[in-house]
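Contents: one structure, followed by commentary.
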Amino acid sequence: MAKEHGLTVSLEEFGLSKYEARAYVALITHGTISASEVAYYAELPRTKVYPVLLKLQQKKLAIISKSKPVMCTGIAPEDAFDEIVHEQINKVDAMNTLVSKLKKISEESKKARGAEEKRYFHLHSNYVVKQLRTMIGGAKSSMCITTDAWGMSILAECKEELLSVLRRDLDVRLIIPTQVIGSESFRAMPEGIKIRSSEIIQNCFIFDDTELLLIDNTNGRGAVFSSTDVLGANQTRLFDQIWKDALKIDNLTEMTKSQALEVCRIINIVNENGLGFTLNSIIGSKIKLVDYVKFLEKNGISLKDKTFEQILDLVNSTLEITCSGSAQYDERSKNIILESKLNSGHSLPWAMLLENYLEQKGYHSKLIYRSDSHRGEFVHIKIDQ
Numbered sequence: 002m003a004k005e006h007g008l009t010v011s012l013e014e015f016g017l018s019k020y021e022a023r024a025y026v027a028l029i030t031h032g033t034i035s036a037s038e039v040a041y042y043a044e045l046p047r048t049k050v051y052p053v054l055l056k057l058q059q060k061k062l063a064i065i066s067k068s069k070p071v072m073c074t075g076i077a078p079e080d081a082f083d084e085i086v087h088e089q090i091n092k093v094d095a096m097n098t099l100v101s102k103l104k105k106i107s108e109e110s111k112k113a114r115g116a117e118e119k120r121y122f123h124l125h126s127n128y129v130v131k132q133l134r135t136m137i138g139g140a141k142s143s144m145c146i147t148t149d150a151w152g153m154s155i156l157a158e159c160k161e162e163l164l165s166v167l168r169r170d171l172d173v174r175l176i177i178p179t180q181v182i183g184s185e186s187f188r189a190m191p192e193g194i195k196i197r198s199s200e201i202i203q204n205c206f207i208f209d210d211t212e213l214l215l216i217d218n219t220n221g222r223g224a225v226f227s228s229t230d231v232l233g234a235n236q237t238r239l240f241d242q243i244w245k246d247a248l249k250i251d252n253l254t255e256m257t258k259s260q261a262l263e264v265c266r267i268i269n270i271v272n273e274n275g276l277g278f279t280l281n282s283i284i285g286s287k288i289k290l291v292d293y294v295k296f297l298e299k300n301g302i303s304l305k306d307k308t309f310e311q312i313l314d315l316v317n318s319t320l321e322i323t324c325s326g327s328a329q330y331d332e333r334s335k336n337i338i339l340e341s342k343l344n345s346g347h348s349l350p351w352a353m354l355l356e357n358y359l360e361q362k363g364y365h366s367k368l369i370y371r372s373d374s375h376r377g378e379f380v381h382i383k384i385d386q
């Protein structure tokens, strides 16, 4: 009954009355039947059944016999509605043609005024991952991605698609916030993706500098912008600027999450406060040098329980991230050598951190700094027993 009710409602959209729709469904369901049976199956008042059947006959939807009792037969749907369907199709085609003409006029008008319409598409949260996979698979030259922790979990679901584009040698760059480093989704990223860290406030995926996918982390919904020359170019320039200033974290991939976060936190503390203090201490000889071990302790990071090897590894990691440098210990000469590709004093805070640590452990050391405009800077720390 529910199914037949739905059919009658739909037939009413073709211009049939409620009684006519019920009667027609009864006829095609039960075949040739009497008028009284039509009234029974269609639940029509007996006084209404004959007028209803006559109207169906007039509309070429039923045939009524001249015999008694009166017998009724429904016309097959494909014959009964063929003319109506074609009429509706012609109306839709005419409407589409009209809309196309109006759209053309609108676009020509906008171009004349120096404006051009660009569209974007909203995505329900259930379809965001599917769309992201499609866009990754369709990328031709590059992908520039900024994500927060929530966006990283979505990106991790697209590992197979990422592997596919990496096999095609696409340039894939990813910027993530510090708190994501070492997480499960971070470790799910395939080798070959270039990753840096910065404070990210949006989930933005740029494909080939022209297509964008933005995802709202508050509700999971997305928006796709296609062929957006101006928007794409601006977002790419913004990404390039963030990328330039972001931390290089390639050497943190093998660390535990706590180790990686500690390194990043130390870098942030020193960069925000320590570098200026160090340079001022060297330039103005009367200013007391900064004790970096105590400086970090005041900021909630204790190094007193770490071994010399752990401190050296920490400094080596920070140099790699901040200035493409390194820290090595020569056991034979008792020298620690710090190198930096930059020659603007970026290695000095880390050299002084090592000196302060050695001093706390009862060692004396001597620091020698030299800078080369072509090769960068070098710091030698000579350890005296």
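Going by the working numbering, the first residue of the sequence shown is number 2, and it counts up by one from there.
Here a beta-carbon is modelled for each residue, glycine too, at the ideal position from N, C-alpha and C.
In this text the structure is predicted, and so the values were computed from the model without any measurement.
| field | Outcome for Thr-9 when other beta-carbon atoms lying within 10 angstroms are tallied against a minimum of 16 | value | Residue numbering aside, residue 9 sits at position 8 when the sequence shown is read from its first letter. That one is buried.
| query | Using a Cβ-Cβ cut-off of 8 Å (strictly less than) and excluding sequence neighbours within five positions of Gly-285, which residues of its own chain qualify? | reply | For the purposes of this step, residue 285 is taken as the residue at position 284 of the sequence shown. Low confidence applies to Gly-285: its pLDDT is 46, below 50, so where it sits in the model is not reliable enough to give any reading.
| task | Work out the CA separation of Ala-27 and Met-2 for me, nearest whole Å. | result | To locate residue 2, count along the sequence shown from 1; it is residue 1. To locate residue 27, count along the sequence shown from 1; it is residue 26. A caution first: Met-2 carries a pLDDT of 47, below 50, which makes its placement in the model too unreliable to give a value.
| How many angstroms separate the CA atom of Cys-73 from the CA atom of Ile-90? | Here residue 73 refers to the residue found at position 72 of the sequence shown. Here residue 90 refers to the residue found at position 89 of the sequence shown. Distance between the alpha carbons of Cys-73 and Ile-90: 30 Å.
| request: Look up Arg-197 in the DSSP assignment and give the residues it is bridged to. | output: Your numbering for residue 197 matches position 196 in the sequence shown. Its beta-bridge partners are Ile-176, Lys-249.
| query | Enumerated in chain order, which unbroken segments of the alpha helix (DSSP H) with a length of 4 residues or greater are wholly contained in the stretch 39-106? | reply | 47-59, 78-81
| message | Output needed for Asn-252: all residues of its chain with C-beta closer than 6 Å, excluding positions within five of it in sequence on either side, in chain order. | response | One-based indexing of the sequence shown puts residue 252 at position 251. Closer than 6 Å at the Cβ level, and outside the excluded window around Asn-252, lie Ser-318, Glu-321.
| Three-state secondary structure (DSSP) at Lys-367? | The count along the sequence shown starts at 1 and reaches residue 367 at position 366. Of the three classes helix, strand and coil, the one that applies to Lys-367 here is strand, per DSSP.
| Taking DSSP as the reference, what is the three-state secondary structure of Lys-160? | For the purposes of this step, residue 160 is identified with residue 159 of the sequence shown, where counting begins at 1. If DSSP states are grouped into helix, strand and coil, Lys-160 belongs with the helices.
| query | What are the uninterrupted segments assigned as alpha helix (DSSP H) that are 4 or more residues long and contained completely in the stretch 300-327, given in chain order? | reply | Fully enclosed alpha helix (DSSP H) runs of 4 or longer: 309-324.
| task | Name the residue from Leu-239, Ala-43, Leu-304 whose alpha carbon lies nearest to the alpha carbon of Val-264. | result | On the sequence shown, position 263 is the one that residue 264 refers to. Comparing Cα positions, the closest option is Leu-304.
| field | Opening and closing residue of the alpha helix (DSSP H) in which Ser-341 lies | value | One-based indexing of the sequence shown puts residue 341 at position 340. Per DSSP, Ser-341 belongs to no alpha helix (DSSP H); it is in the beta strand (DSSP E), 336-341.
| So which of Met-153, Ala-140, Ser-68, Gly-16 has the shortest CA-CA distance to Ile-34? | Stepping through the sequence shown from its first residue, residue 34 is reached at position 33. Of the listed residues, the one whose Cα sits closest to Ile-34 is Ser-68.
| message | Between which residues of its own chain and Arg-371 is the CB-CB distance below 6 Å, once the five residues before and five after are set aside? | response | Counted from its first residue, the sequence shown places residue 371 at position 370. For Arg-371, the CB contacts under 6 Å within the same chain, skipping 5 residues up- and downstream, are Phe-379 in chain order.
| request: Compute the distance between the beta-carbons of Leu-354 and Ile-382, then report whether it is under 7 Å. | output: The residue you call residue 354 lines up with position 353 of the sequence shown. The residue you call residue 382 lines up with position 381 of the sequence shown. Not a contact, by the Cβ cut-off of 7 Å.
| field | Residue closest to His-125, alpha-carbon to alpha-carbon, out of Ala-77, Leu-214, Arg-47, Gly-221 | value | Here the question's residue 125 lines up with position 124 in the sequence shown. Of Ala-77, Leu-214, Arg-47, Gly-221, the residue nearest in Cα terms is Gly-221.
| query | Quick one: what does DSSP say His-31 is sitting in, helix, strand or coil? | reply | What you label residue 31 is simply residue 30 of the sequence shown in a count that begins at 1. Look at His-31 here: in three-state DSSP terms it is helix.
| query | Applying the criterion that 16 or more other CB atoms from any shown protein chain within 10 Å of the CB defines a buried residue, is Gly-301 buried or exposed? | reply | By one-based count along the sequence shown, residue 301 stands at place 300. Exposed, by the Cβ-count rule.
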